[in-house]
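A short worksheet on the structure shown next.
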Ligand SMILES: Nc1ncnc2c1ncn2[C@@H]1O[C@H](COP(=O)(O)OP(=O)(O)OP(=O)(O)O)[C@@H](O)[C@H]1O
Ligand SMILES: [Mg+2]
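Chains as they are written, first to last, in my numbering: chain A, 1 to 319; chain B, 1001 to 1332.
Written out as structure tokens, the structure is:
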């Protein structure tokens, strides 16, 4: 890496070598941690996906080829059947659910988050308090808030139905979590409630990077407020917005806890992470579930790379 | 063209009164410079005229029409900010075109105006660059260009040269002076705390202190007939020499002031003292003479000085060049 430049003086090279040394010194703890908590489990589950592992025997699991992903069985009758994750309709339904959820909720959260951030960026009394208060939904552990919502949305006892009935918005009680017509809507709503603050604060940080004098220049230029938003605020907050969307998209595409607690058995909401856990632990197909996890990982990877390329996101922080 | 009349204007930020009652008439086509120490309210005055801040009391009128409640964009002004305030994501061309394009000018009209301004400010090669790809001086010229294309009746400059190095300041100062000549009848209001900028650019200078106007007048008026001690000390470099006590008594004043170029060495009579330091500038020499006051007196001679450091000398003011001040600091 540090090839000696032809006319480089020895002193500069020593300096450079010193910098490389201290860079490694600072990076090593993080690399070791990542290897232990990320690389090791990841490689384990990739290994399982190519084995016949089950909960009972995963230490002595046998290599199984790609049969968890795809295998062909020819029956005595001559009929040919395909099995494996790649041809499993339940899996592809989960992929569809996950992306539907991810796109709808992240879009909703981005638009609403931007709106909330614009409000919070304005000067008003008690702004600091509101900024702190809005973080509460984000701070509550998902399991807890999902349980709370589960109760509020309960079709018989829930306060949600009660209020809507009293306001005559609905005429009969709705099973928000159990009814397959509403379960996805419910998940999106609760997820938006929970992650809006995170989105809003990330965008707010971006808004505060925009120098105020630019807005004054626009005021002197007589730029209409809507045009200021489209032509100045939005382009300038875009880098922060794009990064916020990546974070949320990664989070949304591996959503598990909310679905697992609110609508555990609805095929309308079953996501990739939920179905993979189900195969691993409920059906004792550790190898098959691992194969699904591995595909989930690949899908996330491809999505993020595509997003960064298409959106020309600058993650390096330089201009 | 627009004459601006400012009547009894005050401005408070919360409980803090920053502008404490200012009356000023700015003539159409005039180059008015605001000077004063830091924090005296120069920028605030400019922002009040621009409409970026609300006036607490009093009126500002353009051509007789009160504009207190008029939005900045409706006042026919253009402003050049100290920090440039360029749109960071737009090219030089877009920066200049943005405001007028939205103002309803046709595409050809926009193009023409931007080209002319760019030509005038030697920005044509940079039209496709982003502000971050420009030097400080080029950014400053873009900011000026953005103001020019608006074709304003009033130009407002807030310390536009303070971020530039010395050579660039002189060059850009010249640009601004040329700009004022080429744009007939455009009123310019220019904030600075640079002496030289004020003296060289201004038709009239307005000296502010602590939210009040101390004096308004042409550069020479302020130089030759300062109203009070503050203006006398603020205008001119090096600072005017102030003397009191036994020095002032013969002039029937509480204190007197003499500029360094109005002092001369005399063979006898005058004020005795000792040279303690000399600054040789090439064309001039400034000798610092200890007359027994807390501050040394500074005397200017053309060329080199006859007196070295430690020389015993005698100083006297030239005839009719002594400024006299009363106890309250007013000129007499
Ligand atoms: N938005 C504000 N809120 C409160 N006080 C302010 C505000 N803007 C300015 N001031 C105060 O008003 C006074 C005048 O400020 P102003 O910016 O006009 O000074 P200035 O003459 O331009 O000084 P400088 O030469 O340093 O730019 C200062 O004491 C400043 O603290
Ligand atoms: Mg200022």
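Heads up, the beta-carbon is just placed ideally off N, CA and C, and yes, glycines get one too.
Q) Which residue comes first and which comes last in the alpha helix (DSSP H) that contains residue 1116 of chain B? A) The residue you call residue 1116 of chain B lines up with position 116 of the second chain. It spans 1107-1120 - the alpha helix (DSSP H) in which residue 1116 of chain B sits, taken as one unbroken run.
Q. In or out: residue 272 of chain A buried (at least 16 other Cβ within 10 Å) or exposed?
A. Position 272 of the first chain, counted from the start, is the residue given in the question as residue 272 of chain A. With 16 or more other Cβ atoms within 10 Å, it is buried.
(Q) Check whether chain A comes within 8 Å of residue 1131 of chain B, counting only Cβ atoms and requiring the distance to be less than that. (A) As a position in the second chain, residue 1131 of chain B is number 131, starting the count at 1. With 8 Å as the cut-off, residue 1131 of chain B does not count as an interface residue toward chain A.
(Q) By the DSSP assignment, the alpha helix (DSSP H) with residue 1234 of chain B in it spans what residues? (A) Residue mapping note: residue 1234 of chain B aligns to position 234 of the second chain, counting from 1. Annotation: the continuous alpha helix (DSSP H) that includes residue 1234 of chain B extends over 1229-1234.
Q) Using a C-beta cutoff of 8 Å, does residue 235 of chain A count as contacting chain B? A) What you label residue 235 of chain A is simply residue 235 of the first chain in a count that begins at 1. Closer than 8 Å: yes.
Q) Of the choices B/1034, B/1028, B/1026, whose alpha-carbon is the least far from that of residue 971 of chain B? A) Absent from the structure is residue 971 of chain B, since the part of chain B shown begins at 1001 and ends at 1332.
Q.
Measuring straight from C-alpha to C-alpha, what distance separates residue 1332 of chain B and residue 1183 of chain B?
A. Against the second chain, residue 1332 of chain B aligns to sequence position 332. Against the second chain, residue 1183 of chain B aligns to sequence position 183. Approximately 40 Å, taken between the alpha carbons.
Q | Where residue 220 of chain A meets chain B, residues with beta-carbon distance less than 7 Å | A | Sequence index remark: in the first chain, residue 220 of chain A carries index 220 (1-based). The answer, in chain order, is 1050, 1072, 1073, 1077, 1078, 1079.
Q) What's the C-alpha gap between residue 172 of chain A and residue 161 of chain A? A) What you label residue 172 of chain A is simply residue 172 of the first chain in a count that begins at 1. What you label residue 161 of chain A is simply residue 161 of the first chain in a count that begins at 1. About 8 Å.
Q: Give a single yes or no on whether residue 1042 of chain B has its beta carbon closer than 7 Å to a heavy atom of ligand 2.
A: The residue labelled residue 1042 of chain B in the question sits at position 42 within the second chain. Because some heavy atom of ligand 2 lies under 7 Å away, the Cβ of residue 1042 of chain B counts as near it: yes.
Q | Inter-residue CB distance, residue 1208 of chain B and residue 1036 of chain B (contact presumed, cutoff 8 Å) | A | For the purposes of this step, residue 1208 of chain B is identified with residue 208 of the second chain, where counting begins at 1. For the purposes of this step, residue 1036 of chain B is identified with residue 36 of the second chain, where counting begins at 1. Their Cβ separation, rounded to whole angstroms, is 4 Å, which keeps residue 1208 of chain B and residue 1036 of chain B in contact under 8 Å.
Q.
Given a cut-off of 8 Å on the beta-carbon distance, is the pair residue 252 of chain A and residue 113 of chain A in contact?
A. Counting from 1 along the first chain, the entry for residue 252 of chain A is found at position 252. Counting from 1 along the first chain, the entry for residue 113 of chain A is found at position 113. No, Cβ-Cβ distance for residue 252 of chain A and residue 113 of chain A is not below 8 Å.
**Q.** Cβ-heavy atom distance, residue 1080 of chain B to ligand 2, below 7 Å
**A.** Residue 1080 of chain B sits at position 80 when you count from the first residue of the second chain. No, Cβ of residue 1080 of chain B sits at least 7 Å from all heavy atoms of ligand 2.
(Q) Given this structure, state the Cα-to-Cα distance separating residue 13 of chain A from residue 1166 of chain B, to the nearest angstrom. (A) Along the first chain, one-based indexing puts residue 13 of chain A at 13. Along the second chain, one-based indexing puts residue 1166 of chain B at 166. Rounded to whole angstroms, residue 13 of chain A to residue 1166 of chain B spans 37 Å at the Cα level.
Q: Output the distance between the C-alpha atoms of residue 204 of chain A and residue 62 of chain A, rounded to the nearest integer angstrom.
A: If you number the first chain from 1, residue 204 of chain A lands on position 204. If you number the first chain from 1, residue 62 of chain A lands on position 62. Their backbone Cα atoms lie some 52 Å apart in a straight line.
Q) For residue 1271 of chain B, which beta-bridge partners are listed by DSSP? A) Residue 1271 of chain B sits at position 271 when you count from the first residue of the second chain. Beta-bridge pairing by DSSP links residue 1271 of chain B to B/1315.
Q) At least one CB of chain A closer than 8 Å to the CB of residue 1085 of chain B: is that the case? A) As a first step, residue 1085 of chain B is located in the second chain; it is residue number 85 there, counting from the start. Yes, contact with chain A.
Q | Residues near residue 27 of chain A by beta carbon distance below 7 Å, same chain, minus five either side | A | Within the first chain, the letter at position 27 stands for residue 27 of chain A. No residues qualify anywhere along the chain.
**Q.** residue 1013 of chain B Cβ short of 7 Å to ligand 1 heavy atom set
**A.** To locate residue 1013 of chain B, count along the second chain from 1; it is residue 13. At least one heavy atom of ligand 1 is nearer than 7 Å to the Cβ of residue 1013 of chain B, so yes.
Q) Going by DSSP, what residues sit across from residue 1010 of chain B in a beta bridge? A) Locating residue 1010 of chain B in the second chain gives position 10, where the first residue counts as 1. DSSP output for residue 1010 of chain B lists B/1020, B/1057 as bridge partner(s).
Q. Around the Cβ of residue 1245 of chain B, are there at least 16 other Cβ atoms within 10 angstroms (buried) or fewer (exposed)?
A. Here the question's residue 1245 of chain B lines up with position 245 in the second chain. Burial call: exposed.
Q | Cβ neighbours of residue 1195 of chain B in the same chain (closer than 6 Å, five flanking residues each side left out) | A | The sequence position of residue 1195 of chain B within the second chain is 195, counting from 1. 1237, listed in sequence order.
Q: State the start and end residues of the unbroken alpha helix (DSSP H) segment that holds residue 259 of chain A.
A: Here residue 259 of chain A is taken as the residue at index 259 of the first chain, counted from 1. Run containing residue 259 of chain A: 257-262, per the alpha helix (DSSP H) assignment.
Q) Taking Cβ-Cβ distances shorter than 9 Å, what residues in chain B pair up with residue 163 of chain A? A) In the first chain, residue 163 of chain A corresponds to position 163, counting from 1. Within 9 Å Cβ-Cβ: nothing; residue 163 of chain A doesn't reach chain B, min ~43 Å.
Q: Let me know the secondary structure DSSP gives residue 16 of chain A once reduced to three states.
A: Stepping through the first chain from its first residue, residue 16 of chain A is reached at position 16. Residue 16 of chain A sits in a helix when the DSSP states are folded into three classes.
**Q.** Partner residues on chain A for residue 959 of chain B, Cβ-Cβ distance less than 9 Å
**A.** As shown, chain B starts at 1001 and ends at 1332. That puts residue 959 of chain B outside it, with no answer to give.
Q) Where does residue 280 of chain A fall in DSSP's three states? A) Taking the first chain and counting its residues from 1, one reaches residue 280 of chain A at position 280. Residue 280 of chain A falls in the helix class under three-state DSSP.
**Q.** Amino acids of chain B, ordered along the chain, whose beta-carbon sits closer than 7 Å to that of residue 232 of chain A
**A.** The residue given as residue 232 of chain A occupies position 232 in the first chain. Those are 1087, listed as they occur along chain B.
Q: Please indicate yes or no: does the CB of residue 1016 of chain B lie closer than 7 Å to some heavy atom of ligand 1?
A: By 1-based counting over the second chain, the position of residue 1016 of chain B is 16. True, at least one ligand heavy atom lies under 7 Å from that Cβ.
**Q.** Other residues of its chain near residue 42 of chain A: CB distance less than 8 Å, five sequence neighbours each side excluded
**A.** Taking the first residue of the first chain as 1, we reach residue 42 of chain A at position 42. Correct list, in chain order: 297.
(Q) Please identify the residue among A/279, A/74, A/306 whose C-alpha is closest to the C-alpha of residue 68 of chain A. (A) For the purposes of this step, residue 68 of chain A is identified with residue 68 of the first chain, where counting begins at 1. Of the listed residues, the one whose Cα sits closest to residue 68 of chain A is A/279.
Q: Could you tell me whether the Cβ atoms of residue 1160 of chain B and residue 1186 of chain B are closer together than 8 Å?
A: For the purposes of this step, residue 1160 of chain B is taken as residue 160 along the second chain, with counting starting at 1. For the purposes of this step, residue 1186 of chain B is taken as residue 186 along the second chain, with counting starting at 1. No, these two residues do not count as a Cβ contact at 8 Å.
(Q) For chain A, check one thing: does any of its Cβ atoms lie closer than 8 Å to the Cβ of residue 1099 of chain B? (A) Within the second chain, the letter at position 99 stands for residue 1099 of chain B. By this cut-off, residue 1099 of chain B is an interface position.
Q: Pick out the complete beta strand (DSSP E) segments inside the region 161-217 of chain A, 3 residues or longer, and give them in chain order.
A: none
Q: Assess, as a yes-or-no matter, whether the region 1097-1117 of chain B is touched by the region 1060-1071 of chain B under the definition of 3 or more beta carbon pairs within less than 8 Å.
A: no
Q. Closest Cβ-Cβ distance between residue 1236 of chain B and chain A: below 8 Å?
A. Taking the second chain and counting its residues from 1, one reaches residue 1236 of chain B at position 236. Closer than 8 Å: no.
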